[in-house]
Structures are given as C-alpha cells and as structure tokens.
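Note sheet for the following structure.
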C-alpha cells in the first residue's frame, strides 16, 4: 500500500507515504490526511503523532497536546502501518505543513515523514455582476481560492432559500432570460457541508411595468379642498414621474398637490413613469370637483312689462356641481317664498329673485323688475238730448 502513495521519503525500510501532498479544504470542513508508514523489523513502535511545520534538528511537538488541535484532531491510524488523521473545523489559521512522526524503542528508531501534507483552507465567494437587465442571461460563479481536493457538488441559495430548480454547471449558476423575481442575495455551498458563502446581491433592472394614480382624499372632492395625487410605479431603477392634466404637462415628482381645488381642476389626470429602460403611462383618473351654486341669474321671457291678466315667465339658471335641482322664488321685502321650480310666472308688479340649491349650498340671484300695466278701455256712453242736440260722451279709463 505504501507504494501506491509515493508522496513520502523512505530509507532502508523507513518510510511515510501520503495520499495527497497538497490538500485544499473548505472552511469549517473536516480534513482527512491519509497516510501509511513502514519501519524495519526488529523495532517496536512506542509513540506515533502528527506535528506541523517541522524544523530539522529540532524536536517536533505533538499536535494532540496542542490546545488549538486537541479537541479537533482524531488519530485514525494504528501503531503498525496506518497513520491517517482527521482534522475538523478547519480555518485559515490551520494552513500549515503537517507531518507524521513515529518513535520506536531503539535510540536510532525515530522517523518523520517529509515533505508532509500542505493544507490550504478556502472559503467560497459568489462572483456575480452588480446588475443585469431583465431578459438577459447571467452566470454566477462560486469561487474558491484553490481547487478543492474532494469532489465538490455545489448548491445555491437565493435569499437564504435553496434553489429547487437546478440550473448549475460545475460551480456556475446560469440564469437565462432573467426576470425581476430573480433579483436577490445569492450564496453558494458544497453539498454535505455546513459552510455557506457570503451573499452577493444580483440587481435586475427593468422598465416601468405599471403606474397607478391614487387620489387623497378618495371620496367626494369639494371646491376649496386640498387634494394629493400620488403615483406608484414598479421599475428598477426607480422611475422619474411626470404629471399630465388632459394632455398638458403640469408637474413632476411622485406627489402632485393641488391646494384649494376649484372647478377649473376638474379634468383627467395621469402620471408617466420613465427610466432608462422605457416608460409607462398610468390609467387616467378624473377629478370631479363639486361646488355649490354660483352665477345664479334670472332671465325673462319677453318683456318685463305685461298687461294685467297676462303673466311673464321668469327662469332661474346657475353653475353648480352637481346641478341644482331645487329653486325657490322670492319677492323683495317678503320673507316667504312665492314660488318654486326653475321657472316662475309673475302675475303682479315687483322685484323678484331666485335661490338655487344643491347639497353643498345655495346662492341667490340679483332681483329683476316686473311691471304690470292696466288695460286701456274706451266706453261709449249715450247721454240724451241737450238743448235740442244729441250728445255722445266718450270716457277713457285706464286701470
């Protein structure tokens, strides 16, 4: 068996052979240093041990007596031929040259197996681009500082969760046609080992996928209120926001404020999200500003002068939202209404005005004057004979 492991030095029957002269091990793993030894007949083994960084001419210390190793070092060999050991929980502090030494019962029967085993301890690092654009392909690599001696099967994690879909090739993770859901923190490990690499963040950039306008307050908007429009957008990098009233640009930024809103602001609004990958418009929202009646006025059908017995029609109009449905008519110097409805028939002289109502308030119009004139009547009255002549008296009466 010694001949199959040639990594050692022999002399006249004295020999130590190592399966691997260089071992690259993963941090926190256990390392097995396989070893055999031979010695001439007639000698009896008294002590076997491993040492590190031996210096010729100096006595080599026993690692099993070193507090740094005593709890982690396990001798798996014997005092005949096998000198294998296992060192657990290795770190970069364990990177040394390790040699096997044995001592026999005779003064000339001491041997140390040069050149020994060089141990290198590596961690794992994920190499990934800082960012990738959605739809592109990307490759992540799990790198070690040396080639691992043991056959390695790599496993991958995203946001600390194992990736169930295997898309790896050796120590690479291939992501084809990347989606935004692929963004996250990626780490790698070796199957059967507890050590997990530090995470590398993969940033997936993409154009705005949607834009949505929220209105606050979300209920009825009354003239004079302050209204806030906010635009939310799903994009990476974050989008720049522009606001449009109808088709006219009115502002920028995620928030668009309207203080003391008026009916002039009643319109469709939308936001536009733009980043270097594209742009997206939101659906339009309509601001419906309600307000009490204003600009209330009275119009007269025909002239304001009428003949007694006829009537004149007065009509009341107003600007309001929602439209006024209740109208009251008043005659100046009278406290109670003289009519209702959008139209009113005046039958007598006076100054009249209307009052328009909706659920947000009311307003009165200016008064208009209605004049009623009496009829012109000609009466022909026969009055007998005066002084031998017939006399007819005509009387003109005006009411």
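Numbering (the UniProt record's numbering), first residue to last: 1 to 399.
Every residue, glycine too, gets a C-beta built ideally from N, C-alpha and C.
Computed from a prediction, not measured in an experiment: that's the story for all the values here.
Sort the options by Cα distance to residue i and report the nearest one.
i           : options            : result
residue 120 : 87, 130, 136, 133  : 87
residue 200 : 122, 129, 332, 52  : 129
residue 52  : 298, 139, 116, 133 : 116
residue 196 : 272, 142, 309, 372 : 142
residue 337 : 322, 312, 364      : 364
residue 270 : 31, 254, 296, 213  : 213
residue 264 : 272, 223, 275      : 223
residue 122 : 137, 109, 92       : 92
residue 315 : 333, 261, 301, 254 : 301
residue 46  : 70, 67, 111        : 111
residue 109 : 373, 40, 49        : 40
residue 284 : 61, 295, 244, 366  : 244
residue 207 : 191, 237, 367, 226 : 237
residue 59  : 258, 77, 100, 23   : 100
residue 61  : 74, 42, 98         : 98
residue 163 : 146, 191, 147      : 191
residue 147 : 65, 23, 347, 368   : 23
residue 313 : 259, 44, 369, 322  : 369
residue 76  : 374, 32, 131       : 32
Have a look at the DSSP bridge pairing and note the partners of residue i.
i           : result
residue 290 : 222
residue 142 : 126
residue 242 : 252, 272
residue 75  : 85
residue 401 : Any question about residue 401 goes unanswered here, given that the chain covers just 1 to 399.
residue 201 : 185
residue 161 : 158
residue 372 : 306
residue 351 : 369
residue 339 : 329
Looking at residue j and residue i, is the spacing between their C-beta atoms short of 8 Å?
i           : j           : result
residue 342 : residue 352 : no
residue 355 : residue 362 : yes
residue 239 : residue 149 : no
residue 174 : residue 144 : no
residue 293 : residue 262 : no
residue 37  : residue 83  : yes
residue 267 : residue 246 : yes
residue 290 : residue 357 : no
residue 211 : residue 273 : yes
Just the C-alpha distance for residue i and residue j, rounded to the nearest angstrom, thanks.
i           : j           : result
residue 17  : residue 113 : 7 Å
residue 228 : residue 220 : 13 Å
residue 55  : residue 181 : 57 Å
residue 209 : residue 125 : 33 Å
residue 317 : residue 330 : 15 Å
residue 235 : residue 248 : 24 Å
residue 2   : residue 106 : Because the pLDDT at residue 2 is just 32, under 50, the model does not fix this residue reliably, and the point stays unresolved.
residue 20  : residue 127 : 29 Å
residue 377 : residue 308 : At residue 377 the pLDDT is 45, less than 50, meaning the model places this residue with poor confidence and gives no usable figure here.
residue 85  : residue 189 : 25 Å
residue 79  : residue 34  : 15 Å
residue 202 : residue 133 : 11 Å
residue 218 : residue 286 : 12 Å
residue 311 : residue 340 : 16 Å
residue 13  : residue 186 : 53 Å
residue 154 : residue 205 : 27 Å
residue 275 : residue 233 : 11 Å
residue 371 : residue 332 : 14 Å
residue 421 : residue 63  : This structure leaves residue 421 out entirely; the chain is present only between 1 and 399.
residue 94  : residue 30  : 12 Å
residue 379 : residue 298 : Below a pLDDT of 50, predicted positions are generally treated as unreliable, and residue 379, at 41, falls in that range; the measurement from the model is reported next regardless. So the alpha carbons of these two residues sit roughly 39 Å apart.
residue 15  : residue 102 : 10 Å
residue 464 : residue 277 : An answer regarding residue 464 cannot be provided, because it is not within the stretch 1 to 399 covered by the chain.
residue 184 : residue 198 : 13 Å
residue 193 : residue 252 : 53 Å
residue 151 : residue 241 : 53 Å
residue 334 : residue 216 : 45 Å
residue 50  : residue 69  : 11 Å
residue 306 : residue 296 : 24 Å
residue 67  : residue 27  : 20 Å
residue 288 : residue 250 : 18 Å
residue 366 : residue 350 : 13 Å
residue 48  : residue 74  : 12 Å
residue 65  : residue 135 : 59 Å
residue 118 : residue 160 : 34 Å
residue 258 : residue 322 : 21 Å
residue 373 : residue 347 : 11 Å
Since residue i and residue j should fall inside the 8 Å C-beta cutoff, what is the C-beta to C-beta distance between them, to a whole number of angstroms?
i           : j           : result
residue 176 : residue 137 : 5 Å
residue 230 : residue 255 : 5 Å
residue 89  : residue 72  : 6 Å
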